[in-house]
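Each residue of the sequence shown is one higher than the one before, counting from 1 in my numbering. A short write-up of the structure that comes next.
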Amino acid sequence: MKTKKKTGLKSRLKCIMLVLVAVSGSFCLLISISCTGHGTTEKARSGDYPIQPVPFTAVKMTDDFWAPRIRINHDITIPIALKHCYATGRIDNFMIAGKLKEGVFSSDAPFDDSDVYKIIEGASYSLQSMPDPALESRIDTLIDYIQEAQEPDGYLYTYRTIHPDKPHGMSGKERWLETINMSHELYNVGHLYEAAVAHYLATGKRSLLDVAIKNANLVDQVFGWGKLELWPGHQEIEIGLAKLYRVTGEKRYLDLAKFFLDVRATHEPQNTYAQSHKPVIKQDEAVGHSVRAVYMYSGMADVAALTGNEDYIKAIDRIWHDINDYKLYITGGIGAAGGHEGFGDKYELPNRTAYCETCASIGNVFWNHRMFMLHGKSDYYDILERTLYNGLIAGIQLTGDRFFYPNPLESQGGRRSEWFGCACCPSNVSRFIPSLPGYIYNTEGDNLYVNLYASNKASFKVGEKDIEFSQETNYPWEGKVSMKFGHDCESRINLKLRVPGWAQNKPIPSDLYTFEGQKNQGKVSVSINGKSKKVKVENGYISLNRKWKADDVIVLELPMDIHRVKANEAIIADRGRFAIQRGPIVYCLEGCDNKDNKVLNLMVEKNPSFMTSYNPGLLGGIQTITGKAHTTSRTLDKQIVMGEEQPFTAIPYFAWANRTPAEMMVWIPDDKEFSSPAPAPTIAGKSKISASHQTRTLEAVKDQYEPVNSDDHTVNFYHWWPKNSSKEWIRYDFAEPAEVSVCKVYWFDDSPRNGGCRVPESWKLFYLDDKGNWKEVKTKDPHSVDKDKYVTVLFDKVKTSAMKLDVQLPEKFSSGVHEWIIE
């Protein structure tokens, strides 16, 4: 293997005049930098976000909530992600492309290159907080492979390099020419740029940065007005180019980022899936693939901050309100629909089928942080914190070695996966967690914003003043936060303490969710050196403007009441239900803690009383909430009846699925008519069900919840996706032999949206005879595949112990079933 010359820390210091690094949520800011070589022609401009993040490298976490997660990410998650990248061929692809070994492209998809880049980025962040020579050496080896895989002109896309004459089905015949926005050539290198900047700042080595610069120069030669006027199908390069601009001062990278935004929707193919349906400055609602969307909005924020483009800011302001007002889950998750991994219509927020991709939550944090730095409003941190403590960290096992891709708010039993064919979420988590300390503090002139609460010790600048600042707290379980200025502070600083919306009886800054009935019993209070101060909250902050002395102690008390959250009545899935929230934490019921391992058939009567306690031995140490509930069940005449009262235990949503797979729900019925009663003891209800494609939603076909139409996502359904064009089956094994003569099926079909399921091409019904052979039923009528209603087959009566649907999936589509009734 060839070796590359490395540039060490001493060499780096020779070329840097003044560097201020602020890395927050994969966001890096260099205020002033001058480097030789690589065509650098100007210093990075001083204009940027008016509010700056305090670098995560300046903040040392000492708490019991985040510090262990950062350590687990370093010790477990990053090594596991690297192991899977080797095992699945992702790293082999670079070696094969670089002719370091023989072979063919050996992973799942051409965007797999990006997973390696994201892991390098995460490892680079982690190395800054936790020096690790062995990990640094492993990353250097990966960079050697990447260097070898890069083509002489800077192109880097391993699939095309390995198979130049046989393009992948997701990419065009020539470079950059995407098919249906799916090649990910520009997406991949966007993550390369982010990784390169992170690695350079962490180690001083230019090895990966030089690769990124060479590639960016090629992209700039190819794309632009009067050149190749195309946009990336999956946004990301815009963020990477902004970072590359900051570290090199090369303005053409910023111009190129702006081009990729401005060129969208200037020609075909235009679609909402990739947000290319309108020019970006005319967009006013969140549509399409949610990860692509929030990456684009983050890129727009970066370019707006660097160029002063007000049209961008107006557009992302409008879109932010669309999400906040209509499309945000109580967990902070975004993206309601699995078919296109994206946004649904206004108020379309189903629970069992909620997609809420982990990557989308990470992107939502990125974007809201940027929105805060543009506007300085605590509203953005209210969403950021909600997403962070709920929808985002639910995506990773407490042990750091298993992951969720989608994060539903109701489940019949979920288990995180060790890895995925499309592994964007694990690699994204690995780069996000070590950057978490960079979200706690922000500065603007003499203003110091304390936006998140967690025990830490920090040293940084406020204006021209060097300060030390620390927090001591058991947040998020307790609301008391003790803050202290360091021994050498003798400065006037306007300390701005964020008062979360939930502490002011407002869960989010819209009427999408509200606290029902009760208000906070406790009050927000502040004291300085033991003396109470009058609390005045303005724009979500308590401002304490004074000349601070060494060892001044500020104590903030936030009320940690238990709240019942009600959703806007327009959210059909949440009608007659409530959620539980305490502090920033959203709770759920999980079968592991409740009778018979079941919770979906529970309901809680209105105006319940709750108790809470901290359990240090449960799920790494959590606050639990307990109360009383009733079971519900359905009778044969379709009535819903309540059972006896029983206790329930609620745990934080982020902690579910860390034990034996069990039912889970966030939205708890307080009206039996909106509950999920145990099915009536029908033939199907008592049967064991199996299928050719086993998923956790299989039980949905006999849950006796009738959909409004075939595309109803407010009730659960079963599907064979991603299978298509094949023959599949689903089967009932009866509890006891029965005589049957009627079959009713309600097909799932998510057209005309961009979903992947359509009604079957055809299907047949079989019964198991007394000799164990499958025989087709005898009927005079054809088997219908109509949408939006039950299709009924009347057949000659048979006595059997099992029945089976054989289904021919349509060409290029899958199919699914809402309900299957046997009589």
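Ideal Cβ placement from N, Cα and C applies to all residues, glycine included. Treat the numbers as computed from the prediction; the structure is a model and nothing was measured.
Check                                                                                                                 : Outcome
C-alpha distance - L805 paired with I313, whole-angstrom precision                                                    : 53 angstroms
DSSP state of I807 mapped onto helix, strand, coil                                                                    : A quick correction: the sequence has Val, not Ile, at residue 807. In the structure shown, V807 sits in a strand (DSSP, three-state: E or B).
Buried or exposed by the 16-neighbour rule on C-beta atoms within 10 Å, applied to W367                               : buried
Residue range of the alpha helix (DSSP H) that includes G321                                                          : Inspection of the sequence shows that residue 321 is occupied by His rather than by Gly. Note, H321: alpha helix (DSSP H), E310 to D322.
Secondary structure of M296, DSSP reduced to three states                                                             : helix
As assigned by DSSP and simplified to three states, the class of Q412                                                 : coil
Closest residue to L306 among A738, Q52 and T266 (Cα-Cα distance)                                                     : Q52
Backbone secondary structure at L156 - three-state DSSP                                                               : coil
DSSP three-state assignment for E516, whether helix, strand or coil                                                   : coil
Three CB pairs or more closer than 8 angstroms across the region 716-726 and the region 684-704                       : yes
Where C35 falls, given that 16 or more other Cβ within 10 Å makes a residue buried                                    : Its pLDDT being 27, under 50, C35 is placed unreliably in this model, and the value from its coordinates should be taken loosely. By the neighbour-count rule (16 or more Cβ atoms within 10 Å), C35 is buried.
Whether E583 touches D64 by CB criterion (8 angstroms)                                                                : One detail in the question is off: residue 583 reads as Gly in this sequence, not Glu. Against a cut-off of 8 angstroms, the Cβ pair of D64 and G583 comes out as no contact.
Helix, strand or coil at G342 according to DSSP, with G and I counted as helix                                        : strand
Spatial distance of G333 from Y326 (CA atoms)                                                                         : 12 angstroms
Every unbroken beta strand (DSSP E) inside the region 607-669 [3 residues or more]                                    : 611-615, 622-634 and 640-652
Own chain partners of D593 with C-beta closer than 7 angstroms, once the 5 adjacent residues on each side are dropped : T649 and I651
Under 8 angstroms between C-beta atoms of L82 and I119                                                                : yes
Span separating the alpha-carbon of I640 from that of N601                                                            : 11 angstroms
Beta-carbon proximity list for S814, same chain, < 7 angstroms, skipping 5 on both sides                              : H719, W720, W721, P722, K723, N724, G756 and C757
Rounded C-alpha distance that separates I822 from F404                                                                : 35 angstroms
Coarse secondary structure for P79, derived from DSSP in three states                                                 : helix
Of the residues Q808, V599, G501 and D401, the one placed nearest I72, counting alpha carbons only                    : D401
Cβ neighbour criterion (16 or more within 10 Å) applied to D781                                                       : exposed
Short Cβ contact (8 angstroms threshold) for V211 with Q150                                                           : yes
Selection from G438, I237 and Y732 that minimises the alpha carbon distance to I70                                    : G438
Under the three-state DSSP convention, the category C489 falls into                                                   : coil
As assigned by DSSP and simplified to three states, the class of H289                                                 : strand
Exposure label - A735; buried when at least 16 CB within 10 Å                                                         : exposed
Straight-line gap, R546 to N494 (C-alpha atoms, nearest Å)                                                            : 7 angstroms
8 angstroms Cβ cutoff met for I826 and A680                                                                           : Absent from the model: residue 826. The displayed extent of the chain is 1 to 823, so no value can be given.
Segment contact, 8 angstroms Cβ cut-off, at least three pairs: the region 598-617 with the region 627-639             : yes
V715 - DSSP class collapsed to helix/strand/coil                                                                      : coil
T358, DSSP secondary structure in three states                                                                        : helix
Rounded separation between W656 and E590 - CA only                                                                    : 7 angstroms
DSSP three-state assignment for M605, whether helix, strand or coil                                                   : The residue you asked about is not Met; residue 605 is Glu in the sequence shown. Residue state, collapsed to three classes: coil.
Identified DSSP bridge partners for W729                                                                              : D806
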